[in-house]
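For the sequence shown, the working numbering assigns the number 29 to the initial residue and increments by one for each residue that follows.
Below: the structure, in structure tokens.
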Amino acid sequence: MTQRWLVRITILILSLTFVEFVYAAETTLAHEETEVDQEVTRVEKIQAKEEAWDQQLKKTYNLTDEQLKTLHNSGLSSPQLAMVAQLAKSSNKPLEDVLKMRTEQKMGWGEIAKSLGVHPSEIGHAVRDLKHALRDQRKNERKAVREERKNIAKAEKEERKEQRGNGKGPHNK
């Protein structure tokens, strides 16, 4: 009789240990999935910012897709791409020539600006202006979303008011 109880207790302990192990594994998996989801969201935000930067760069400097691709292939950061585009625009030099001065000839930004006859302050202004344009664009997009939500809420309120007025509301059956 005691042997049966000993077997039952052993089975119970093993079962509880297994349940605890499964719970711990599920918790770890859920935590890892959350971390993966957060990383995906972070990467998507970065990509969205880069795409917005690219669109603003194309718009501001009238760049073609090919020119934008050339800029990206140079390995320069987004603000540096704006600097190249501004220097090319201000000096009326081909974008590729300005890019070569930076990437192949390893010239500094001030040196490039002076050799092109452009005041070095224009470099910083290019980056600042693009950042401000992007900020304003995001601000306008948020404003449009808020306005749309407000219009939807107003329409829903009017609809409820109309239903109450026609006796079709939930309290007027």
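Yeah, the Cβ is synthetic: ideal placement off N, Cα and C, and Gly gets one too.
Quick caveat: nothing in here was measured; it's all calculated off a predicted structure.
For Glu190 and Ile180, I'd like the C-alpha separation in whole angstroms. Rounded to whole angstroms, Glu190 to Ile180 spans 15 Å at the Cα level.
Expressed to the nearest angstrom, what Euclidean distance is found between the alpha-carbon atoms of Lys142 and Gln108? 17 Å
Coil, strand or helix - Met135 by DSSP: coil
Determine, using beta carbons only, whether Leu91 and Leu104 come nearer to each other than 9 Å. no
When you compare only the Cα positions, how much space is there between Glu63 and Glu54? 14 Å
Can you tell me whether Tyr89 is buried or exposed, with buried defined as 16 or more other CB within 10 angstroms of its CB? buried
Within the continuous alpha helix (DSSP H) that includes Lys185, where are the two ends? 149-193
Measuring CA to CA, which of Lys128, Val47, Lys121, Ala113 is closest to Ile151? Ala113
Does the beta-carbon distance from Gln165 to Ala80 come in below 9 Å? yes
For Ile37, is the classification buried or exposed, using 16 other Cβ atoms within 10 angstroms of its Cβ as the cut-off for buried? exposed
Do Leu85 and Leu158 come within 9 Å of each other at the CB atom, strictly closer than that value? yes
Could you spell out the range, first to last residue, of the alpha helix (DSSP H) harbouring Thr98? 93-101
Taking only three categories from DSSP, how would you classify Pro122? coil
Contact set for Val126: own chain, Cβ-Cβ below 6 Å, skip 5 residues either direction: Val112, Leu115, Ala116
Three-state secondary structure assigned by DSSP to Ser105: coil
Taking 8 Å as the limit between beta carbons, can you name the residues of its chain near Ser119, skipping five residues before and five after? Val126, Leu144, Gly145, Val146
Kindly list the residues whose CB is nearer than 8 Å to the CB of Pro122, restricted to its own chain and excluding five residues on each side of it in sequence; keep chain order. Ala116
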